[in-house]
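Sequential numbering of the sequence shown, starting at 1, is according to the UniProt record's numbering.
Input: a single structure, listed below in structure tokens.
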Amino acid sequence: MSDASGRQSLTAWELEPAVDYIERVQRSDGLVLWYPDGPADPWDHVESAMGLSVAGRHEAARRAYRWVAEAQHDDGAMWATYGDSEDGDGSHAGDEPRKETHRSAYVAVGVWHHYRCTGDRSFLEVLWPTVRDALGFACRQQAPTGEIYWTVGADGEVYEDALVSGCASIYKSLACGAAVADELGHSDDRDRWLEARTRLGEAIRSRPDRFDRTWESKSRYAMDWFYPVLCGVLTDDPARRRLEAGMDRFLEAGLGCRCVDDEPWVTVAESCELVVSLAAVGRAERAREIYEWLFRWTDDGGIFWTGYQFEDEEFWPGERPTWTSGAALLAADALSGLSPAWDLFLESLFE
């Protein structure tokens with residue numbers, strides 16, 4: 001049921017199963033795994049925590065952010081992925097441990113989002129060192145030309161190439177971190193991050209030669225298409241033109257957004273992020289239409305699958321990621337104002 005403004009509630013969107021699922025998969029130490037007994041990564045962990053905040057599950061969200069604070073390394077970074085065991089000190093998962101800048105920095109977005117949802121200043125103060133150190137790590141990897149390098153190896157070696165989507169995510173992280181610093185009176189940090197953000201934005205908008213220099217171009221991925229809009233690098237008419245230019249490549253009518261333009265596979269998380277991007281440029285009706293398509297891709301309990309392979313007509317892969325539910329909650333919030341932070345991705349911080 002909608003109210004007079006057209007907004008819907010969490011119940012009306014039938015998103016309670018998504019929230020319950022995130023909280024059910026969350027470990028006792030606060031880490032939100034991708035799915036039961038699965039791995040985890042810091043970016044998707046924060047996305048899931050943001051979904052909890054939207055739904056008012058504030059204690060579960062605080063546990064998630066406490067996990068980040070405890071797992072963060074002395075240099076402000078985190079491993080790109082984590083294992084599924086609660087034993088030990090939260091060691092990395094995978095054969096090549098690395099520290100990805102956008103995954104480490106995204107905690108700034110989550111912390112500012114949770115504060116916007118709750119007004120809990122004590123939470124902001126406790127998480128301030130975590131935000132400060134995470135953004136410090138990312139900014140130390142900024143090239144003279146403005147882009148922020150993708151990752152640092154376990155041996156400290158910097159991989160000197162950059163991702164458009166990763167850098168766009170850091171652009172948003174720097175804005176949210178600056179908002180945290182501004183709220184707490186840390187003007188030097190705020191100014192330093194805003195200066196880094198300005199140089200990063202200029203690189204994303206004007207220096208395509210600085211991205212994908214040592215690997216195959218990622219332009220086939222939908223995230224490269226809409227992330228500069230989602231994260232505020234592009235706004236207004238340039239943002240609308242960018243989205244319009246990619247619709248024929250990535251949007252599959254009635255199904256959702258393809259993950260990559262050359263595969264018959266729509267994914268719920270990318271579709272939800274496209275929904276928020278469209279809402280940010282004033283295309284709310286189109287955004288709502290796409291969002292409503294996505295409820296086809298839930299299981300019998302109302303939990304979202306990763307996506308749908310529409311040539312084979314099967315859910316693929318056969319997983320229901322917590323971060324997909326988190327993205328669905330954030331999209332509903334952007335459309336329906338479920339939380340006080342509903343406009344986090346719709347407003348431009350620090351023009």
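Here a beta-carbon is modelled for each residue, glycine too, at the ideal position from N, C-alpha and C.
Check	Outcome
Using DSSP with H/G/I as helix, E/B as strand and the rest coil, what is L329?	helix
So, under 8 Å CB-CB, Y82 and P39 are touching, yes? Tell me the CB distance rounded to an integer number of Å.	6 Å
Cα separation between R242 and S219?	13 Å
Would you mind listing the beta strand (DSSP E) stretches within the segment 241 to 305 that are 3+ residues and don't spill past its ends, in chain order?	265 to 267
Can you give the beta carbon distance from E289 to M223, rounded, assuming they're within the 8 Å contact cut?	Actually they are not in contact, since the Cβ atoms of E289 and M223 sit about 21 Å apart, beyond 8 Å.
Is it buried or exposed for W215, if we count other Cβ within 10 angstroms and need 16 for buried?	exposed
Could you pull out every residue in the same chain whose Cβ sits closer than 7 Å to the Cβ of F250, ignoring the five residues on either side in sequence?	A222, W225, C257, R258, D261
Does DSSP put E147 in a helix, a strand or coil?	coil
By the three-class DSSP mapping on this structure, what secondary structure does R121 have?	helix
Is it the case that the Cβ atoms of L194 and V276 are separated by a distance below 8 Å?	no
Could you give the distance in angstroms between the alpha-carbon of L230 and the alpha-carbon of D299?	28 Å
Can you tell which of H114, E147, G301 has its C-alpha closest to the C-alpha of E160?	E147
When the Cα atoms are used, what is the spatial distance from A253 to L33?	31 Å
Please report the residue range of the beta strand (DSSP E) in which R213 lies.	No beta strand (DSSP E) contains R213, which DSSP labels as neither H nor E.
Can you tell me whether R98 is helix, strand or coil according to DSSP?	strand
Residues bridged to A40 by DSSP?	Y82
Sorted by chain position, which residues of the same chain lie with C-beta nearer than 7 Å to D75's C-beta, five sequence neighbours on each side aside?	F137
Compute the beta-carbon to beta-carbon distance between G307 and T267, rounded to the nearest angstrom, for a pair I have assumed lies under 8 Å.	4 Å
Give a yes or no on whether the C-beta atoms belonging to Q26 and A64 are separated by under 8 Å.	yes
Let me make sure I understand the geometry here. Which of E23, D29, S336 has the alpha-carbon closest to that of R57?	E23
Taking the straight line between their C-alpha atoms, what separation do you get for C272 and A279?	11 Å
Locate the beta strand (DSSP E) running through G56, then write down its first and last residues.	Per DSSP, G56 belongs to no beta strand (DSSP E) and is neither H nor E.
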